[in-house]
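Scroll down for the structure; my scribbles are underneath it.
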Amino acid sequence: MAERGGGHRLLLRGGSVVAPVGGQRADVLVEGGMIVAVAPGIDAPPGTEVLDASGCVTGPGLVDLHTHLRQPGREDAETVETGARAAALGGYTAVVAMPNTDPATDSAAAVRAVLALARGACVEVAVAGAITVGRAGERLVPFAEMAALGVRLFTDDGRGVQHAGLMRRALEYARPLGVVLAEHCEDEELAGGGSMHEGAWSSRLGIPGQPAIAEEAMVERDLGLVRLTGTRMHLLHLSSARSVALVRAARAEGLPVTAEVTPHHLSLTDAEVAGYDPVFKVNPPLRTAADVLAVRAGVLDGTIDAVATDHAPHPPESKEEPFDTAPPGMTGLETAFAVAYGALCLDGATGAPPWLTAPGASPRRASVAELFGALSVVPARVAGLDVASGHGGPIRPGARAQLCVVDLAARWTVDPATSASRSRNTPFAGRELVGRVRHTIVGGEAVVVDGKAVR
Ligand code: DOR
């Protein structure tokens with residue numbers, strides 16, 4: 001994003017700073033894009049922009065590994081500008097733009113086009129490249145040319161790479177470049193075009209289902225390819241208990257694999273589909289209560305490293321189609337922090353939103369520092385945005401100021417009409433959440449102040 005030059009000074013006053021154990025009371029002084037002091041009771045020099053952080057925690061700005069910005073091609077659903085604003089309102093300082101645009105981001109020229117759009121955005125937008133040309137699963141993209149432009153993550157997301165031999169070759173090309181291949185784990189033959197999770201609910205509703213094994217078979221195949229090639233891989237939006245178990249075993253074996261889960265798979269089950277509302281259609285589909293418990297446990301024990309939104313905006317007319325033909329996807333940037341906080345840190349605690357309480361969950365809950373680990377620290381590392389531009393870093397003098405300030409006590413109800421996204425397809429409409437982003441600071445500049453976008 002374009003930065004205000006010189007020594008613009010900003011003070012976050014009266015809050016605490018996310019720390020491994022509890023929060024430490026501290027103000028944060030930012031100057032010229034950098035954190036210059038972290039201490040209680042900092043005096044603001046004249047001319048300082050002072051933001052009230054009282055009752056809040058200041059953490060590293062969130063980093064989303066999985067954002068569909070839809071530009072070029074589907075500007076009716078989202079643009080880089082509107083998606084970036086929704087991200088900032090959700091506490092994100094950086095997002096990775098998925099390549100399933102039209103045309104797909106499958107060449108150096110396509111990468112340059114998205115990078116040009118990203119320059120005007122209010123958060124940092126990193127560009128993910130496709131693995132295959134047109135995401136058609138047949139020919140590999142020019143990885144080296146695209147990596148030379150800074151592309152660090154490659155994925156055909158929206159589709160898995162169906163041919164194991166091609167994926168093996170992609171991993172072999174990726175290795176010397178140091179880039180990460182991210183897989184949308186879905187065996188299309190096994191998925192069989194199903195529109196929801198195959199199980200008791202799909203039978204009752206008469207909606208064709210896709211079985212969990214469509215995901216698990218590709219997880220298993222890809223873990224085997226990681227073992228064979230030694231190349232790092234990231235597994236996108238895991239949703240089934242068995243997928244988590246497979247990754248847990250792979251990690252124990254020492255395979256270089258990371259994995260993410262979405263806020264909706266941490267919080268919603270296939271029972272939501274009972275009203276046939278396509279807002280609950282998503283890929284991978286919402287699964288059973290046991291799967292929700294398993295993905296939560298996966299984050300808690302570190303098997304799943306990251307929470308990523310899979311923010312997938314779709315315009316109202318397409319989500320008004322019948323369930324079978326409506327496109328899959330849910331928006332998520334503005335609700336991710338609060339949904340993940342409720343599911344992982346508050347689950348079952350006094351004051352937790354009842355709809356986010358999972359019966360049978362283990363009594364262990366994530367700490368706020370662990371939550372920031374999954375929403376910021378680890379994703380920044382996976383996307384290479386830690387070294388490149390200081391995202392996900394510890395809050396200390398000398399670090400770049402990529403920050404968000406969150407009021408963990410704020411209760412609010414999701415209203416799609418107020419979203420900054422161009423689309424309205426949130427599954428959380430009308431639900432109560434706890435934890436709200438108050439300010440977001442990108443490269444030392446306030447882009448969200450008191451819950452309002454200012455840039
Ligand atoms: O539900 C989904 N929607 N899952 C995906 O993998 C792609 C996404 C989209 O682009 O709409």
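Take 1 as the starting number for the sequence shown in this note's numbering and just add one per residue.
Ideal Cβ positions, reconstructed from N, Cα and C, are used throughout, including at glycine.
When you measure from the CB of V282 to every non-hydrogen atom of the ligand DOR, does any distance come out below 6 Å?
Correct: V282 has its Cβ closer than 6 Å to the ligand DOR.
Using only the alpha-carbon positions, how far apart do E215 and G55 sit?
Approximately 42 Å, taken between the alpha carbons.
Exposed or buried, T58, counting other C-beta atoms within 10 Å across all chains shown (16 or more means buried)?
Looking at its Cβ environment, which holds 16 or more other Cβ atoms inside 10 Å, T58 is buried.
Starting from D386, trace the beta strand (DSSP E) both ways and give me its first and last residue.
No beta strand (DSSP E) holds D386; the alpha helix (DSSP H) holding it covers L385 to S389.
Under DSSP, the alpha helix (DSSP H) around I213 begins and ends at which residues?
Where I213 is concerned, the enclosing alpha helix (DSSP H) stretches over I213 to T229.
Using a Cβ-based criterion (distance less than 6 Å to any ligand heavy atom), does P316 qualify as near the ligand DOR?
Not so, every heavy atom of the ligand DOR lies at least 6 Å from the Cβ.
Kindly identify the DSSP beta-bridge partner or partners of R411.
Note: R411 sits in a beta bridge opposite V434.
Where are the alpha helix (DSSP H) runs, 4 residues long or more, that stay fully inside the region 74-128, in chain order?
With a minimum length of 4 residues, the continuous alpha helix (DSSP H) runs that stay inside the region 74-128 are 80-89 and 108-118.
Between which two residues does the beta strand (DSSP E) harbouring M34 extend?
Its beta strand (DSSP E) spans residues M34 to A39.
Using a threshold of 7 Å, state whether the C-beta atoms of G360 and L293 are closer than that.
Yes, they are a contact pair.
For V247, which residues from the same chain have a beta carbon less than 6 Å from its beta carbon, with the 5 sequence-adjacent residues on both sides left out?
Closer than 6 Å at the Cβ level, and outside the excluded window around V247, lie A259 and T303.
Would you check if there are 3 or more beta carbon pairs closer than 8 Å linking the region 83-99 to the region 151-162?
The region 83-99 vs the region 151-162: in contact.
Which residues mark the beginning and the end of the beta strand (DSSP E) in which L457 is found?
This structure cannot speak to residue 457, because the chain is shown only from 1 to 455.
Consult DSSP for K452 and reduce its assignment to one of helix, strand or coil.
Looking at K452 - three-state DSSP - the assignment turns out to be strand.
Cβ of V378 less than 7 Å from any chain C Cβ?
Among the chains in the structure shown there is no chain C, since it carries only a single protein chain.
Which of the three DSSP states is assigned to L286 in this structure?
Three-state DSSP puts L286 in coil, outside helix and strand.
Given a cut-off of 7 Å on the beta-carbon distance, is the pair P60 and S376 in contact?
Going by C-beta atoms, P60 is nearer than 7 Å to S376.
In chain order, what residues of the same chain lie with their CB nearer than 7 Å to the CB of P315, ignoring the 5 residues before and after it?
Here the set comprises D76, A77 and S423.
How many whole angstroms separate the CB atoms of V295 and P263, which I take to be in contact at a CB cut-off of 8 Å?
With a Cβ gap of about 11 Å, V295 and P263 do not count as contacting.
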